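Chemist: Have a look at the structure that comes next, please.
Residue numbers (full-length UniProt numbering): 1 to 126.
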């Protein structure tokens, strides 16, 4: 079966061919894996920054759930946070779930701040 399409606009033909070829391209599993890991790292880093901006550096899971849409995530924040126990400590207090960074993660945050502080004089100099 042969399909012929008639387009008056050559740009449209080029657009169609390019998108069709991208759609049918074989995906590189190593690249896909790296992109997925990078995406997870970005999301966890954004959640870390949300928690650090909260009073006492503790956020309700409900608050993080509200931010999930801006992080372009679907599903439950609680499930995401529980996937990364090395980063986030989730606990139930009363009838509300709370989240804070683990001691190990706070150590990394402090180390990151220390490195930034050490580099500051280098950036200030002319």
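Backbone N, C-alpha and C define an ideal beta-carbon position, used for all residues, glycine too.
Owing to the predicted nature of the structure, the values given are computational and were not obtained by experimental measurement.
Going by beta-carbon coordinates alone, are residue 84 and residue 90 separated by less than 7 Å?
Modeler: no
Chemist: Using a 10 Å radius around the Cβ and a threshold of 16 neighbouring Cβ atoms, would you call residue 42 buried or exposed?
Modeler: exposed
Chemist: Assuming residue 93 contacts residue 51 (C-beta within less than 8 Å), just tell me the rounded distance between them.
Modeler: Not quite, the Cβ-Cβ distance comes to about 15 Å (not below 8 Å), so this is no contact.
Chemist: Under the DSSP definition of a beta bridge, which residues are partnered with residue 115?
Modeler: DSSP, once it has assigned bridges, lists no residue as partnering residue 115.
Chemist: Is it buried or exposed for residue 48, if we count other Cβ within 10 angstroms and need 16 for buried?
Modeler: buried
Chemist: Could you name the residues that DSSP lists as bridge partners for residue 101?
Modeler: According to DSSP, residue 101 shares a beta bridge with 88.
Chemist: With C-beta atoms as the reference, is residue 130 less than 7 Å away from residue 77?
Modeler: Here the chain comprises residues numbered 1 to 126, so residue 130 is not present and cannot be evaluated.
Chemist: Using three-state DSSP, classify residue 93 as helix, strand or coil.
Modeler: strand
Chemist: Leaving out five residues on either side along the sequence, give the residues of the same chain with a beta carbon under 8 Å from the beta carbon of residue 54.
Modeler: 63
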